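Per my numbering, the very first residue in the sequence shown carries number 88; after that it's consecutive. Think of the CB as a built atom: it goes at the ideal place given N, C-alpha and C, for glycine as much as any other residue. Only a predicted model underlies this, so the values are computations on that prediction, with no experimental measurement involved. Worksheet: one structure, shown below.
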Amino acid sequence: MSLGPVSRNDETAAFFDGTARGELLLRTCPSGHWSEPEAACCTTCGVTDLSWSASKGTGRVVSWSAVHGRPRDDGSADRRVIAVVELDEGPWWWTALQDVEQPSEGLRVQVAFTVPAEDSETVPYFVPA
Ligand SMILES: [Zn+2]
88 MSLGPVSRND ETAAFFDGTA RGELLLRTCP SGHWSEPEAA CCTTCGVTDL
138 SWSASKGTGR VVSWSAVHGR PRDDGSADRR VIAVVELDEG PWWWTALQDV
188 EQPSEGLRVQ VAFTVPAEDS ETVPYFVPA
């Protein structure tokens, strides 16, 4: 897998504290709407009073693409799959998709976590459910 390294800043610290615990944190408003971690206001009702809540970490593939690396001398090459996943809570998530040769629209997936480099934060990716 080719991810990261990823580092935190003040705005991402709470999110990466969550990934280190194995939680995919999203933003929620007092009305219970879910928004992406980077949301400054609720993407449904617009309020700015957001808190962090753990997603179930499950969803379905909306779209995907394969990214092929440069061929090696023996002709082999790395192949990565990137995908857009619609989380069951609603927000869409750009992600690496692992352990699936041929993804399909609607494929059920679940979050997994990795530390891609020694100096990196824990990073979410998705695998088939
Ligand atoms: Zn809301």
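Own chain residues within Cβ distance below 6 Å of residue i, not counting five before or after
i	result
VAL202	THR209
TRP139	ALA101 and LEU112
VAL128	For the sequence presented, residue 128 should be read as Cys rather than Val. Once the five neighbours on either side are set aside, the close Cβ partners of CYS128 are THR135.
Member of the options whose CA lies at the smallest distance from the CA of residue i
i	options	result
SER152	GLY105, GLU188 and VAL198	GLU188
LEU174	LEU194, VAL134 and VAL168	LEU194
PHE233	ARG108, SER94 and ARG95	Because the chain here runs from 88 to 216, residue 233 falls outside it and cannot be looked at.
VAL196	SER207, VAL171 and GLU205	VAL171
Cβ-heavy atom distance, residue i to ligand 1, below 7 Å
i	result
SER118	yes
THR201	no
THR99	no
VAL187	no
THR145	no
THR131	yes
VAL214	no
Endpoints, beta strand (DSSP E) assigned at residue i
i	result
GLY146	145–155
THR84	As shown, the chain starts at 88 and ends at 216. That puts residue 84 outside it, with no answer to give.
THR182	179–184
LEU174	166–174
ALA199	195–201
LEU38	Since the first residue shown for the chain is 88 and the last is 216, residue 38 is missing from the structure and cannot be characterised.
ALA141	138–141
Beta-carbon proximity list for residue i, same chain, < 7 Å, skipping 5 on both sides
i	result
PRO158	ALA164
VAL198	LEU111, GLY144, PRO211 and PHE213
Chain-order list of residues whose beta-carbon lies under 8 Å from that of residue i (same chain, five-residue window excluded)
i	result
ARG166	ALA153, VAL154, HIS155 and GLY156
VAL168	TRP151, SER152, ALA153, VAL154, ALA183, LEU184, GLN185, VAL187 and PRO190
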